[in-house]
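Chemist: Before I ask anything, let me first share the structure, which is written out below as structure tokens.
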Amino acid sequence: MASNPPSSPSPGKPADPRDDAFIREVDEAYREDELKKFASRYGRWIILAVGLILAAVGATLFWKSEQTRKVETISEQFSEALNKTESGATTEAAEQLDAIMEGGNPAYKALAAFTRAGIAMNGGNRDEALALYRGVADDKAAPKALRDAATLKLVRLEFDTVEPAEILKRMAPYIEGDSPWFPIAGETAALAHLKAGDRDKAGALFLRIASDARAPASLRARAEQMAAGLGQDVSRLAEQLAKAGEDAADPNMATAQDAAAPAAEVETGE
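Numbers given in the numbering used here equal positions in the sequence shown, counted from 1, plus 267.
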């Protein structure tokens with residue numbers, strides 16, 4: 268005997284459990300139908316997108332692995348070239364260095380050029396060394412520290428053949444401000460001032476070098492002698508260096524200086 272369709276429960280009577288089962292079946296069927304429609308319409312595109320993402324991730328990981336492997340290979344080649352240079356096998360070292368310079372790694376290319384320039388200078392080939400240093404200094408892809416080092420080395424090698432004004436122009440970026448290259452660049456500039464006959468400016472620069480705690484001790488001692496010989500007062504250098512050392516070791520002083528820097532920039536409009 269067929270059962271009657273479930274009737275709406277009257278107030279106060281419990282709901283027929285058959286109603287809940289029927290609603291669940293309809294809901295599941297509806298969801299299944301919607302899922303099939305969605306998969307039919309967008310499934311291929313989703314699979315394609317996932318595939319592209321996985322391919323991109325795989326390609327990135329492979330590229331990084333290859334770059335690491337190449338850098339490690341170049342590092343080993345450069346170390347071998349250095350060992351050969353130190354052992355006197357400069358011809359073989361030069362060949363390896365030339366190969367590194369033809370590669371695509373800017374940092375090792377610059378380092379190889381520095382070493383190659385040293386070999387050239389020791390062999391009496393000054394022009395080749397100058398060309399190599401100039402190449403590093405002009406290479407925008409090379410690390411800035413190596414470009415700066417090449418510029419300073421180039422100026423020192425050309426000191427006797429270049430006018431003082433040109434030397435001072437090249438050294439200006441390293442003298443102004445708080446450049447870490449100041450001690451070396453300052454000595455070169457001070458000698459250029461002496462070459463131009465300006466003893467006062469030379470003495471002031473030598474005194475500044477002698478009071479710079481970052482400068483090597485040998486350079487500070489040499490600068491102090493030059494400053495004293497040029498009439499500068501060097502009597503308080505030891506006291507100034509001691510105070511600079513205390514300030515550098517005092518974390519509270521460093522924190523205070525860091526906190527004061529933004530205020531100073533606002534006041535000066537920088």
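Glycine residues also receive a C-beta, built at the ideal position from the N, C-alpha and C atoms.
1) CB-CB under 7 Å to F449, same chain, minus the five flanking residues each way: which ones, in chain order?
2) How is W448 classed by DSSP in three states: helix, strand or coil?
3) Where are the beta strand (DSSP E) runs, 3 residues long or more, that stay fully inside the segment 331-391, in chain order?
4) Would the segment 452-460 and the segment 424-436 be scored as touching if the rule is three or more Cβ pairs under 8 Å?
5) Should I386 and L419 be called a contact, given that it needs their Cβ atoms to be closer than 9 Å?
6) Classify K407 as helix, strand or coil using the three-state DSSP reduction.
7) Could you compute how far the alpha carbon of V403 sits from the alpha carbon of P373?
8) What is the DSSP secondary structure of P272, counted as helix, strand or coil?
9) For Q344, which residues from the same chain have a beta carbon less than 8 Å from its beta carbon, with the 5 sequence-adjacent residues on both sides left out?
10) Could you give the DSSP three-state label for E430: helix, strand or coil?
11) According to DSSP, is D467 part of a helix, a strand, or is it coil?
12) Are the segment 346-354 and the segment 391-399 touching by the rule of at least three beta carbon pairs closer than 8 Å?
13) Quick check on the burial criterion: 16 or more other C-beta atoms within 10 angstroms. Buried or exposed for V422?
14) Measure the CB-CB distance between P447 and R481 and report whether it falls below 9 Å.
15) By DSSP, does G498 sit in helix, in strand, or in coil?
16) What does the Cβ neighbour count give for E491, buried or exposed, with the cut at 16 atoms within 10 Å?
17) With distance defined between alpha-carbon atoms, name the residue in L378, E347 and L504 nearest to A484.
18) Classify R311 as buried or exposed, calling it buried when 16 or more other Cβ atoms lie within 10 Å of its own Cβ.
19) Could you check the C-alpha separation between G370 and S346 for me, to the nearest Å?
20) Can you give me the C-alpha to C-alpha distance between K303 and G325, rounded to a whole angstrom?
21) Rounded to whole angstroms, what is the Cα-Cα separation between I434 and F381?
22) Out of R487, A463, L474 and A316, state which residue places its alpha-carbon closest to the alpha-carbon of L497.
Modeler: So, from the data block:
1) Y441, I442 and D479
2) coil
3) none
4) yes
5) no
6) coil
7) 9 Å
8) For P272, the predicted structure reports a pLDDT of 48, less than 50, and the residue's modelled location is therefore unreliable. The matter cannot be settled from this model.
9) Q363, A366 and I367
10) coil
11) helix
12) no
13) buried
14) yes
15) coil
16) buried
17) L504
18) exposed
19) 16 Å
20) 31 Å
21) 21 Å
22) L474
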